[in-house]
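Participant: In terms of the numbering used here, the sequence shown opens at residue 60 and continues consecutively.
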Amino acid sequence: MGVLFHIMLNVILPIFVLIGAGIFLHRQYKLDMNTLSKLNSYLLMPAVSFTNVYQSKIKGDTLLEILSFLVLQGLCLMIVSTGLSKMAKFESSLSSTFKNSVVLSNSGNFGLPVSQVVFQNNPLGLSIQVVVMVFQNLLTYTYGLFNSVSVDKAKFQAIKAFLKNPVIYAFGVGVFLHAVSIRIPEYIWTPIKNTSNAFVAIALVTLGAQSAFLKISRFSLPLVLSLIGRLILSPCIAFIIILALKLDGTIAQSLFIASSFPTSRNSSLFALEYGNHPEYAAQVVLLSTVFSMMTVTTVIFSAHMLFS
60 MGVLFHIMLN VILPIFVLIG AGIFLHRQYK LDMNTLSKLN SYLLMPAVSF
110 TNVYQSKIKG DTLLEILSFL VLQGLCLMIV STGLSKMAKF ESSLSSTFKN
160 SVVLSNSGNF GLPVSQVVFQ NNPLGLSIQV VVMVFQNLLT YTYGLFNSVS
210 VDKAKFQAIK AFLKNPVIYA FGVGVFLHAV SIRIPEYIWT PIKNTSNAFV
260 AIALVTLGAQ SAFLKISRFS LPLVLSLIGR LILSPCIAFI IILALKLDGT
310 IAQSLFIASS FPTSRNSSLF ALEYGNHPEY AAQVVLLSTV FSMMTVTTVI
360 FSAHMLFS
């Protein structure tokens, strides 16, 4: 219990303090959400992606293990969410949003800050989370977008959205400069690093602001199944895959923790843009984030117990 309390106090509570600050600020001053979203997506996330990949010590075989896990987990979640949707007899637009709510996780605004706290003295753990974030971006703008719109429209829109995402390019440049051992001049590195350091606070304040005016009227069947799928089934599936791939140490810890993060805000944005039950989608994002205070704490504790 002492370890759980320590994780709750020193890892989870600081995260939700900043989320709470975002809720308060948006309710009081009506923050410009479009500006905050652009700041996160086009400046802070790319800076975090670049700095952590550039400084990372991930080797080729380690990267292969990470990608193998992510592909297997993604496929398993797609199969499970599709099966649950068919069993519950959801109509097509509801099924689309439900599947996205289970498969797509908030590896950016939520996942990176959590990993920065958990692995603050372990660069490998944070670098793995950057890889997870890039993979989730790829999954979001392929599976997630294809899942939200018709096939004819999705192909062009998915490619266009993916190519506009600067995180992908920052990741690629970081990998290249790291691979060829090019040293970045201090006058360039300092502003990049300072921008990266600003990510945690701004990302969590933004997440709080997004949740400031959401209301939960009732716990519907789709909502309950989304929460179970994202917060409970996802870590369980991850644990089985970790054992099957014989992963251990920091790799196993980081991937197990990453599997427990709440539903991606992009699932809500897609639902809003294409009219696929946007209120339900927003409720999943809010409640999965709130309940993750308990589930993520448990998974972090379990990760250290099982894979240390």
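Where a beta carbon is used, it is the ideal one built from N, C-alpha and C, also for glycine.
1. Check whether the region 186–193 touches the region 238–250, taking contact to mean three or more Cβ pairs, one atom from each stretch, closer than 8 Å.
2. Can you tell me the Cβ-Cβ gap for Leu197 and Tyr113, rounded? I've got them flagged as a contact below 8 Å.
3. Quick check on the burial criterion: 16 or more other C-beta atoms within 10 angstroms. Buried or exposed for Val76?
4. Distance, Cα to Cα, Ser209 vs Ser155?
5. With Val232 as the anchor, note down where its alpha helix (DSSP H) starts and where it stops.
6. Looking at the strands, I want to know which residues DSSP matches up with Ser164.
7. Within 10 angstroms of the Cβ of Met146, are there 16 or more other Cβ atoms? Answer buried if so, exposed if not.
8. Look up Ser115 in the DSSP assignment and say whether it is helix, strand or coil.
9. Taking a contact to mean a Cβ-Cβ separation below 9 Å, would you say Leu263 touches Ile66 in this structure?
10. List, from N- to C-terminal side, the alpha helix (DSSP H) runs of 4 residues or more that fit wholly inside the region 327–364.
11. For Glu124, which three-state DSSP category applies?
12. With distances taken from CA atoms, which of Val358, Ala330, Pro281 is nearest Phe205?
13. Measure the C-alpha to C-alpha separation of Ser293 and Ile125 and round it to an integer number of angstroms.
14. Verify whether the separation of the beta carbon atoms of Gly133 and Ser323 is less than 9 Å.
15. Does Val210 come out as helix, strand or coil in the three-state DSSP assignment?
16. Rounded to a whole number of angstroms, what is the C-alpha to C-alpha distance between Lys148 and Thr94?
17. Hey, how far is the Cα of Asp307 from the Cα of Phe298?
18. Could you pull out every residue in the same chain whose Cβ sits closer than 8 Å to the Cβ of Thr354, ignoring the five residues on either side in sequence?
19. Short of 7 Å in beta carbon distance, which residues of its chain neighbour Asp211, apart from the five on each side in sequence? Order them along the chain.
20. Would you tell me roughly how many angstroms separate the C-alpha atoms of Ser140 and Pro250, rounded to the nearest one?
21. Among residues of its own chain, excluding the 5 on either side of Ala260, which ones have a beta-carbon nearer than 7 Å to its beta-carbon?
22. Alpha carbon to alpha carbon, what distance is there between Ser327 and Glu338?
23. Does the distance from the CB of Leu300 to the CB of Phe128 come in under 9 Å?
24. Note the first and the last residue of the continuous alpha helix (DSSP H) segment covering Val264.
25. Just the C-alpha distance for Pro172 and Leu183, rounded to the nearest angstrom, thanks.
Facilitator: This is what the structure holds:
1. Short answer: they don't touch.
2. 20 Å between Cβ atoms; not a contact.
3. Burial call: exposed.
4. Reliability of the predicted coordinates at Ser209 is poor, the pLDDT of 47 falling under 50, and the value obtained from them is presented with this limitation in mind. Counting only the Cα atoms, Ser155 lies some 11 Å from Ser209.
5. Per DSSP, Val232 belongs to the alpha helix (DSSP H) from 225–238.
6. Within the DSSP bridge table, the entry for Ser164 names Thr322 as partners.
7. With fewer than 16 Cβ atoms within 10 Å of its Cβ, Met146 is classed as exposed.
8. Secondary structure at Ser115: coil, using DSSP grouped into helix, strand and coil.
9. Taking 9 Å as the Cβ cut-off, Leu263 and Ile66 do not qualify as a contacting pair.
10. Correct list: empty.
11. Three-state DSSP puts Glu124 in a helix.
12. Cα-wise, what sits closest to Phe205 is Ala330.
13. Distance between the alpha carbons of Ser293 and Ile125: 16 Å.
14. Going by C-beta atoms, Gly133 is not nearer than 9 Å to Ser323.
15. Any reading at Val210 must be qualified, since the residue scores a pLDDT of 39, below 50, and its modelled position is unreliable; no value is offered.
16. Each residue's alpha carbon lies about 39 Å from the other.
17. Distance between the alpha carbons of Asp307 and Phe298 is about 11 Å.
18. Cβ neighbours of Thr354 beyond the five flanking positions: Leu290, Ile291, Pro294, Ser319.
19. Note that Asp211 has pLDDT 43, beneath the 50 cutoff, so the model's placement of it is unreliable and the number below is only indicative. Excluding sequence neighbours, Asp211 sits near nothing in its chain.
20. Straight-line Cα distance between these residues: approximately 42 Å.
21. Contacts found: Leu77.
22. Cα to Cα, Glu338 sits roughly 8 Å from Ser327.
23. Note that residue 300 is Ile in the sequence shown, not Leu. Taking C-beta atoms as the reference points, Ile300 and Phe128 count as a pair closer than 9 Å.
24. Start and end: 258–269.
25. Using only the alpha carbons, I get a separation of about 15 Å.
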